[in-house]
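Positions in the sequence shown are counted from 1; adding 68 to them yields this note's numbering. One structure is given below, encoded as structure tokens.
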Amino acid sequence: MPDWSYHPFFKPLLFRMPPEEARALTMRLLEIQAGTAAGRRLFRWMSPRPPRAEDAVTALGRTFASPVGLGAGIDTEAVALTLLQHLGFGFLQVGPVSAGARARRFSHDPLRLRDACALVSSPLAGSLSAEELAARVEKTVDLRTPVGFALSGAGAGAGAGVGAGAGVGAAMSAAHGAAAFFTVPAAGTESAEELAELRARTDRPILLRLPFALSMKEIDALTDRAVAAGLDGVVALSGQPSPLLAKGELDAPGVLPGVLRAVERIAKRHGAVLPVMGAGGVFTPEDAVRVLDAGATLVELYAGFVYAGPGLPARILAASRARGRNDTRPADSVEADRPSDSAEPHKPSDSAAPDKPSGSAGPDKPSDSADRDRTADSRAAGEEGAGLAVTGEEAARGRFADLGPYLVGFTGIVLIGSGIFALLLAGTVKLLPYDVEFLGMTMNDLCERNACRIVHFMAHDRVSFGGSIISVGSIYAWLGAVPLRRGEAWAWWAALLSGIIGFASFLTYLGYGYLDVWHGGATLALLPVYLTGMALSFRGLKGARGFSVFRKPGARAWLYSPAGLGRLAMTFTAFGMISGGLIIMMVGMTRVFVPQDLEYMGTTIAELRSINPRLIPLIAHDRAGFGGGLCSTGLAVMASVWYGARPGAAALWRTLLLAGLVGFSTAIGVHPIVGYTSFVHLAPAYAGALAFLVGMALLYKPMCRTDGESRRFSDL
Numbered sequence: 069m070p071d072w073s074y075h076p077f078f079k080p081l082l083f084r085m086p087p088e089e090a091r092a093l094t095m096r097l098l099e100i101q102a103g104t105a106a107g108r109r110l111f112r113w114m115s116p117r118p119p120r121a122e123d124a125v126t127a128l129g130r131t132f133a134s135p136v137g138l139g140a141g142i143d144t145e146a147v148a149l150t151l152l153q154h155l156g157f158g159f160l161q162v163g164p165v166s167a168g169a170r171a172r173r174f175s176h177d178p179l180r181l182r183d184a185c186a187l188v189s190s191p192l193a194g195s196l197s198a199e200e201l202a203a204r205v206e207k208t209v210d211l212r213t214p215v216g217f218a219l220s221g222a223g224a225g226a227g228a229g230v231g232a233g234a235g236v237g238a239a240m241s242a243a244h245g246a247a248a249f250f251t252v253p254a255a256g257t258e259s260a261e262e263l264a265e266l267r268a269r270t271d272r273p274i275l276l277r278l279p280f281a282l283s284m285k286e287i288d289a290l291t292d293r294a295v296a297a298g299l300d301g302v303v304a305l306s307g308q309p310s311p312l313l314a315k316g317e318l319d320a321p322g323v324l325p326g327v328l329r330a331v332e333r334i335a336k337r338h339g340a341v342l343p344v345m346g347a348g349g350v351f352t353p354e355d356a357v358r359v360l361d362a363g364a365t366l367v368e369l370y371a372g373f374v375y376a377g378p379g380l381p382a383r384i385l386a387a388s389r390a391r392g393r394n395d396t397r398p399a400d401s402v403e404a405d406r407p408s409d410s411a412e413p414h415k416p417s418d419s420a421a422p423d424k425p426s427g428s429a430g431p432d433k434p435s436d437s438a439d440r441d442r443t444a445d446s447r448a449a450g451e452e453g454a455g456l457a458v459t460g461e462e463a464a465r466g467r468f469a470d471l472g473p474y475l476v477g478f479t480g481i482v483l484i485g486s487g488i489f490a491l492l493l494a495g496t497v498k499l500l501p502y503d504v505e506f507l508g509m510t511m512n513d514l515c516e517r518n519a520c521r522i523v524h525f526m527a528h529d530r531v532s533f534g535g536s537i538i539s540v541g542s543i544y545a546w547l548g549a550v551p552l553r554r555g556e557a558w559a560w561w562a563a564l565l566s567g568i569i570g571f572a573s574f575l576t577y578l579g580y581g582y583l584d585v586w587h588g589g590a591t592l593a594l595l596p597v598y599l600t601g602m603a604l605s606f607r608g609l610k611g612a613r614g615f616s617v618f619r620k621p622g623a624r625a626w627l628y629s630p631a632g633l634g635r636l637a638m639t640f641t642a643f644g645m646i647s648g649g650l651i652i653m654m655v656g657m658t659r660v661f662v663p664q665d666l667e668y669m670g671t672t673i674a675e676l677r678s679i680n681p682r683l684i685p686l687i688a689h690d691r692a693g694f695g696g697g698l699c700s701t702g703l704a705v706m707a708s709v710w711y712g713a714r715p716g717a718a719a720l721w722r723t724l725l726l727a728g729l730v731g732f733s734t735a736i737g738v739h740p741i742v743g744y745t746s747f748v749h750l751a752p753a754y755a756g757a758l759a760f761l762v763g764m765a766l767l768y769k770p771m772c773r774t775d776g777e778s779r780r781f782s783d784l
């Protein structure tokens, strides 16, 4: 189940199911695949490359092939470990498990809070006994990755009146032979005596899971006792307490700041004496790198693995290699770069107040978060200031340069008006006076031929043409109003390339010897405005002005994130518009018609010439104009999606939505009105419209539901 199949297909289906049923179904399918040698080989072949030697870390007395591990709560019954190990994990965890088997207590455990990208789970969830789970692990074929057991103090095996510590100890003894290490809850085992008793039960590494809702003083005291008792590490932190389930623990992007503070505190206080396994809030490669940079030796995935997909471990390793472990920026300095469009169900408290629980939520924004926000704001302000800084010479001519974007935007407004006029003309089924003079016959005369199909065909071309120039005009208006006013060079090049195709398509009208004086006059009148706007806009560009601005997108996006998939869908649409427009222009200058056109009109080229020798040049003029408008729109959309789309660019999203709805509704909607319903003819438009709707839906949250602009889309 690699990312390319998980995100587009399986995840939408699984997320329609209750989370426990979805997890059970997934594990059952993986169990079936793991049951055969061929299935295991197929999974290994489809999985990412295994971790490299440079990814290995030494901790807990052993070497892990990767610092990234699978948290408890995924493969709770140890049925798919032999497959999951190939996803880039250095360790796997099963559980939570107690000494005795537990029946499922809640029908809705775990809970999925989709809008918050969160999972709420309970340590009281149903499970096998520790002994049965250990037996399954020992029988797993081809298992080469160490398996840890997440132990729970509650359960039938603890017995009546038996404390949590005794229950954990009993589970530890039952699973001793299969476990590479144990993680144990702090609740019920936090006293020095209980920790020492657990230490005496096994020679396996023991890590203490620290609760989320602890103050820094409490974390210090608990970790000090863990070191004194000889424990081998800590897990920081358990999920944020949630009232949605009994003893519920929530894992979501919003818990990461608290995890970073705790990890950094423990690492600075105890260093290598007490290795830290970072847990909670890890949903992207950047999240994992921050946790490791804060001082964690290992990092585990839970909810992030569900939401970000099975490729997340391999992407974390790639990000870690690219970043290098020499970059040791503190967690707070990197947190400001976190994408802001992930919903945060909880705002952690100020760690500077040692007596205040770190998991409590206050009415005001915490000071360290405010500092990070101010850091991000000042960084953005610095970049903005650098982009707006001008020399004395530029200031002298600034008022002229500022006029350029307005002229480009005005060009777009004129195009919108021209498109509306074309739609009205086609809707009234009339020819322009110059068209009548050129043909020597009226629209009524022409409508008497072929059941008016020729007239309807011409109207269909003009409606499509009108829609295309409304679309490109909308994008030009946005280019002038936003990116060109900012001096962004990509917008200038986008307007230039799109304009070259749009204005040059006027010359294609001459391919069949017809010069539309009205259309040509309007084009020639608008051209100086456009050229002047482009010339003045160029003088106001900031930074690099060359074609090299197209080397890097305006905002990075992981391919299988909503933004990545949305941009891919929009790229498909834009490419179809560009190629379709070029084909229509070429056909307009050569053959003019495709077979479906002649079939619809019920005629041949020879018959059209016999009706009026100037009829084909007139139709070719309309065809070439539509092709030019379509290609020009595609170029503008392609550039806008790759270089203008970024978190917070809601105005661009609305502009693209308007352009697409107008363009596709006119190009497709006119066909059933005139009775031209050939599926072969309309198939490219259907495909483009579907990709457009999917792309815009996927891009809505990344582009609109964010606070401020950034240069990276969230992976979620």
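The beta carbon of each residue, even a glycine, is placed where N, CA and C say it ideally should be. It should be emphasised that the depicted structure is a prediction, and the values quoted were computed from it without experimental measurement.
- Following the DSSP letters along the chain, one finds Thr251 inside the beta strand (DSSP E) bounded by residues Phe249 to Pro253.
- The beta carbons of Gly534 and Ala562 sit about 22 Å from each other, so the pair does not count as a contact at 8 Å.
- Just measuring C-alpha positions, the residue of Leu110, Ala133, Phe111 and Gly743 sitting nearest Ala121 is Ala133.
- With a cutoff of 8 Å on beta-carbon distance, Phe694 and Ser532 are scored as near each other.
- Closest by C-alpha distance to Pro353, out of Pro325, Gly480 and Ala386, is Ala386.
- The straight-line gap separating the alpha-carbon atoms of Ile274 and Arg108 is approximately 31 Å.
- In this structure, the CA atom of Asp319 is about 21 Å from the CA atom of Pro770.
- Taken through DSSP and simplified to helix, strand or coil, Ala362 comes out as coil.
- Of the other Cβ atoms in all chains shown, fewer than 16 fall within 10 Å of the Cβ of Met114; this residue is therefore exposed.
- In this structure, the CA atom of Gly712 is about 17 Å from the CA atom of Ser700.
- In the structure shown, the three-state DSSP call for Phe606 is helix.
- Judged by DSSP in its simplified three-state form, Val730 adopts helix.
- Membership of Gly346 in the beta strand (DSSP E) is indicated by the continuous run Val344 to Ala347.
- Contact between the segment 158–170 and the segment 187–198 is established, with three or more Cβ pairs separated by less than 8 Å.
- For Arg779, the closest alpha carbon among the candidates Lys620, His338, Gly756 and Gly555 is that of Lys620.
- For Val215, the beta-bridge partners assigned by DSSP are Leu160.
- Three or more Cβ pairs closer than 8 Å define a contact, and the segment 234–241 falls short of that threshold against the segment 205–213.
- When C-beta atoms of the segment 139–152 are compared with those of the segment 91–102, three or more pairs fall below 8 Å, so the two segments count as touching.
- In this model, Met638 and Ala105 are separated by some 41 Å (Cα to Cα).
- For Ile684, the uninterrupted alpha helix (DSSP H) run begins and ends at Leu683 to Ala707, by DSSP.
- With 16 or more other Cβ atoms inside 10 Å of its own Cβ, Leu552 counts as buried.
- Annotation: the continuous beta strand (DSSP E) that includes Gln308 extends over Gln308 to Ser310.
- In this structure the segment 246–264 touches the segment 295–312; the number of beta carbon pairs closer than 8 Å is three or more.
- Annotated as distal: Ile673 and Ile687, with beta-carbon spacing of 8 Å or more.
- Per the DSSP secondary-structure output, Ala304 pairs in a beta bridge with Leu278 and Gly346.
- The DSSP-derived three-state label of Ala264 is helix.
- Beyond the five residues adjoining it in sequence on each side, Ala759 comes within less than 6 Å, by CB distance, of Ala637, Phe640 and Thr641 in the same chain, given in chain order.
- Pairing Arg682 with Glu516, the inter-Cα distance amounts to about 17 Å.
- Closest in alpha carbon position to Asp177, among His338, Gly316 and Ala755, is Gly316.
- Leaving aside the five residues that flank Val205 on each side, the residues in its chain whose CB is nearer than 6 Å to its CB run, in chain order, Ala146, Val215 and Ala246.
- For Ser539, the uninterrupted alpha helix (DSSP H) run begins and ends at Arg521 to Ala549, by DSSP.
- Taking 3 residues as the minimum length, the beta strand (DSSP E) runs contained wholly in the segment 79–149 are 125–127, 130–132 and 136–138, in order along the chain.
- The residue among Leu149, Leu380 and Phe157 with its C-alpha nearest the C-alpha of Thr131 is Phe157.
- In the structure shown, Glu354 adopts helical secondary structure according to DSSP, grouped into three states.
- Cβ-Cβ distances below 8 Å link Pro119 to Ala133, Ser134, Gly156, Gly158 and Leu385 in the same chain, with the five nearest sequence neighbours on each side left out; the list follows chain order.
- By the criterion of a C-beta distance shorter than 7 Å, Val748 is surrounded in its chain by Gln664, once the five residues flanking it on both sides are discounted.
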